[in-house]
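A quick write-up on the structure given underneath.
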Amino acid sequence: KNEVEQSPQNLTAQEGEFITINCSYSVGISALHWLQQHPGGGIVSLFMLSSGKKKHGRLIATINIQEKHSSLHITASHPRDSAVYICAVSGETSGSRLTFGEGTQLTVNP
Amino acid sequence: DARVTQTPRHKVTEMGQEVTMRCQPILGHNTVFWYRQTMMQGLELLAYFRNRAPLDDSGMPKDRFSAEMPDATLATLKIQPSEPRDSAVYFCASSEQGQSSPLHFGNGTRLTVT
Numbered sequence: 509k510n511e512v513e514q515s516p517q518n519l520t521a522q523e524g525e526f527i528t529i530n531c532s533y534s535v536g537i538s539a540l541h542w543l544q545q546h547p548g549g550g551i552v553s554l555f556m557l558s559s560g561k562k563k564h565g566r567l568i569a570t571i572n573i574q575e576k577h578s579s580l581h582i583t584a585s586h587p588r589d590s591a592v593y594i595c596a597v598s599g600e601t602s603g604s605r606l607t608f609g610e611g612t613q614l615t616v617n618p
Numbered sequence: 538d539a540r541v542t543q544t545p546r547h548k549v550t551e552m553g554q555e556v557t558m559r560c561q562p563i564l565g566h567n568t569v570f571w572y573r574q575t576m577m578q579g580l581e582l583l584a585y586f587r588n589r590a591p592l593d594d595s596g597m598p599k600d601r602f603s604a605e606m607p608d609a610t611l612a613t614l615k616i617q618p619s620e621p622r623d624s625a626v627y628f629c630a631s632s633e634q635g636q637s638s639p640l641h642f643g644n645g646t647r648l649t650v651t
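Protein sequence lines correspond, in order, to chains A and B. The first sequence runs 509 to 618 under the working numbering. The second sequence runs 538 to 651 under the working numbering.
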């Protein structure tokens, strides 16, 4: 079992739909990151959180430390949101080493 | 907009050749990471530095890979000799305070070893 598991692996949505991507982890963490990787390959850090909830534009990230679970929500999805979304955690004892999920491929159709 | 700069963007080389990848972290960032991404393994940490000192390079094959920070504005990753299994995208990332700060990624170097 991977230390970081994401679901779903692939997600196809229609423009305007509300999207949720889930991330579960099995280790104690100091922080959880949500990353976005576009088809061109570049990686962008969307959120880093260790508790609660963060919002940036149409993106919302939540984390439940007790349940070892985080969700990334996209409201009013748009085709430009199509990308791979990657969850990564830095463990309590692993320093700055990140453990990555396998990513969720999101496709938003017009 | 400050960004992490990686060169080259693409590199095609023959097996056995030396490959050097370079990274300029964002000015003021004291932590620099090297990651490798393949279809099979996803993203893996190769090495990281804080204040130019190597803190963890356990993810790196020591016999052929080496990572250095000659100064605060340059990080290098070398492979000598390169092998076809090294073909991957290599990302550099930097952050201000390590695990307590967001990561900023470069655009990556796509390496193909034939």
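No residue lacks a Cβ here, since even glycine has one placed at the ideal position from N, Cα and C.
is_contact[residue i, chain B] using C-beta, thresh 8 Å
{"i": "H546(A)", "result": "no"}
{"i": "R588(A)", "result": "no"}
{"i": "H564(A)", "result": "no"}
{"i": "E610(A)", "result": "yes"}
{"i": "L606(A)", "result": "yes"}
{"i": "I594(A)", "result": "yes"}
Inter-residue CB distance, residue i and residue j (contact presumed, cutoff 8 Å)
{"i": "Q613(A)", "j": "N510(A)", "result": "Not confirmed; about 17 Å, so no contact."}
{"i": "F642(B)", "j": "I551(A)", "result": "4 Å"}
{"i": "G553(B)", "j": "P618(B)", "result": "5 Å"}
{"i": "C595(A)", "j": "L540(A)", "result": "7 Å"}
{"i": "Q543(B)", "j": "M558(B)", "result": "7 Å"}
Proximal residues of chain B, C-beta to C-beta of residue i below 8 Å
{"i": "S553(A)", "result": "P639, L640, H641 and F642"}
{"i": "L519(A)", "result": "Residues of chain B passing the Cβ test: none, with the nearest at roughly 17 Å."}
{"i": "H541(A)", "result": "P639 and L640"}
Test: residue i CB closer than 8 Å to a CB of chain A
{"i": "L583(B)", "result": "no"}
{"i": "L614(B)", "result": "no"}
{"i": "L648(B)", "result": "no"}
{"i": "G579(B)", "result": "yes"}
{"i": "G645(B)", "result": "yes"}
Assigned secondary structure, residue i (DSSP; H/G/I helix, E/B strand, else coil)
{"i": "R605(A)", "result": "coil"}
{"i": "P607(B)", "result": "strand"}
{"i": "R559(B)", "result": "strand"}
{"i": "R588(A)", "result": "helix"}
{"i": "P621(B)", "result": "helix"}
{"i": "R589(B)", "result": "coil"}
{"i": "S515(A)", "result": "strand"}
{"i": "N617(A)", "result": "strand"}
Amino acids of chain A, ordered along the chain, whose beta-carbon sits closer than 9 Å to that of residue i
{"i": "D594(B)", "result": "Here the premise fails: no neighbours, minimum Cβ distance about 11 Å."}
{"i": "V626(B)", "result": "G549"}
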